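Read through the structure below, which is laid out as structure tokens, and then see the notes.
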Amino acid sequence: MALDQMFFIDDEDGVELTIVPVDLNLDKEIYLLHVFENNKDLNKKFIRAELVLVGMHILTTRFSDTIHFFEELKLFDYGNNQNKYLDITEYKATKNLKLKYHGDNDVFIAKSEALAIKKKYDLAFHGYSTVRLLENEYIFTAQTLTKLLHQQNFLTK
Amino acid sequence: MNYIIISSLIAIFGFGLYFYKIKVKKQLEKEAELHRQARIRAQEEEKRLRLEYEHQNKLYSLNTHRVRLTLFDARSDLYKLVYLYELVIVKNYWINEPFYSKFYELLIMFEKNNFMIIDQNAKVITMNIRDSNNKVQTSRAFEVYSSRDIVESIITISMQNILQFKQQDAQNIALAICIFILEKSVHYLSTEVPRVVINNLLCDYKSVNNVTIIVELIKEKNDLMKFVYDAFEQAQNRATRYPYNDSEVPRQLHLPQKLPQKFLQEF
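Protein sequences appear in the order of chains D and V. So our numbering is basically just the index in the first sequence, starting at one, shifted up by 1199. So our numbering is basically just the index in the second sequence, starting at one, shifted up by 81.
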């Protein structure tokens, strides 16, 4: 996946959306996908959606789920078995977070990695107003998201 | 005495003149005759030429029509595969049974169903999306080719090679290519085209064994059939890729129960 690729899709009002991936952890291939709306009249970019991509899986497509994921990361071992996205595992007396997903490989996140991910996630929102995101979030369906991924040659190697 | 001489001289002169006149008259008559004959010849020549000319341009109305045969109505049954039908059947005049019906059945199968071939070189992305009831559904996104496009491309690319075989073999190869693509295709929900369906398609065909053997040769990339596999890869490079998500509601598999009617039409 090329990090410098911008993705476009038109939503119902005919607004052009672009996706910009932000890498949060390159070893584990965790990315945050910003979905921007480009307003040409005002010459401004607004965030419309936030997605979390791990490897070949898109874990969350709604902003509330995305925030949930990162809060669980922040909790680290203070979380419990009610965690939705991450399990707390122990290996040789060190605690790890294991990603709950149906993927091929197991993804373990160490404490330092979790902190770094959280820091970069916070930085990713600097300069952008989240008002538009909170009030007028772009809600993906399976079809629109697939179309978007295809349009940007996201699915080709 | 002088009187006699003068009168005889005059007589002789008179006769001479008379004979001269006759001679001239004869000459004139001869010339007139020649002219008349020439004119007659000219007239006859003209008549002959005219006859010949008319003879050439004479159109006879015969009671014949253009050749008409009992054929399937490709223009109404097929829409996207009409070009393939014309390339394989019309151009080569392959309207012999049972090949004609079997190939037509396969064409209709491709036409009416949205078969897809999943691009093996592409990534598959799994996504968790909340549906309209706020429940999280997992679905996968693929890049697919349309089997219709692929089958048309393969046959177009490899037509030259196919025609180098004798007719019976060439027809079996054309069928085998269709079967090969069907085996590689999926029909929604990433399930393969059922084996039962493929077997049913072929079971009533006369040379089903030959066709199956050719399909195996194609899959093994045997030297003889290598051109088919090369055409397949070329077709994949050329064809348009479409996005497909397996949460789409699948359509019914349309199996042609019986073939459409044949109509008498001009070929």
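Beta carbons: idealized from backbone N, C-alpha and C, even for Gly. Only a predicted model underlies this, so the values are computations on that prediction, with no experimental measurement involved.
Contact annotation: in the stretch 1334-1349 of chain D, residues whose CB is within less than 9 Å of a CB in chain V are Ile1338, Phe1339, Thr1340, Ala1341, Gln1342, Leu1344, Thr1345, Lys1346, Leu1347, Leu1348, His1349. Under DSSP, D:Lys1244 takes part in a beta bridge, and its partners are D:Asn1237. With contacts defined by Cβ atoms closer than 8 Å, V:Ile260 and V:Val225 do not form a contacting pair.
If you draw a straight line from the Cα of D:Tyr1337 to the Cα of D:Val1234, it is about 8 Å long.
Residue contact with chain V for D:His1256: present (Cβ-Cβ distance below 8 Å to some residue of chain V). Not flagged as an interface residue toward chain V: D:Leu1274, since no C-beta distance is shorter than 8 Å.
With a contact defined as Cβ atoms closer than 8 Å, D:Leu1223 and D:Leu1231 qualify at about 6 Å.
With contacts defined as CB atoms closer than 8 Å, D:Met1255 and V:Thr207 qualify as a contacting pair. Among the CB atoms of chain V, none fall inside 8 Å of the CB of D:Leu1332. Around the Cβ of V:Arg229, a 10 Å sphere holds 16 or more other Cβ atoms; the residue is buried. Against V:Arg147, chain D offers no close residue; the least beta-carbon distance is about 49 Å (beta-carbon pairs closer than 7 Å). Secondary structure at D:Arg1261: coil, using DSSP grouped into helix, strand and coil.
Between the stretch 1243-1259 of chain D and the stretch 1327-1334 of chain D, the count of C-beta pairs closer than 8 Å reaches three or more; the two stretches touch. Annotation: D:Pro1220 to V:His268 spans about 33 Å, alpha carbon to alpha carbon.
By the criterion of at least three beta-carbon pairs nearer than 8 Å, the stretch 272-285 of chain V is in contact with the stretch 183-200 of chain V. A Cβ-Cβ contact shorter than 8 Å links V:Ala316 with V:Ser234. Rounded to whole angstroms, the separation of the alpha carbons of V:Tyr310 and V:Glu301 is 9 Å.
Using a C-beta cut-off of 8 Å, the stretch 1284-1296 of chain D makes no contact with the stretch 238-250 of chain V, since fewer than three inter-stretch Cβ pairs fall below that distance.
In chain order, Tyr226, Ser227, Asp230 place their CB closer than 8 Å to the CB of V:Thr321, counting only its own chain and leaving out the 5 sequence neighbours on each side.
Within chain V, the residues Asp200, Ala203, Lys204, Val205, Ile206, Ala222, Phe223, Glu224, Arg322, Pro324 have their CB atoms less than 9 Å from the CB of D:Leu1354, given in chain order.
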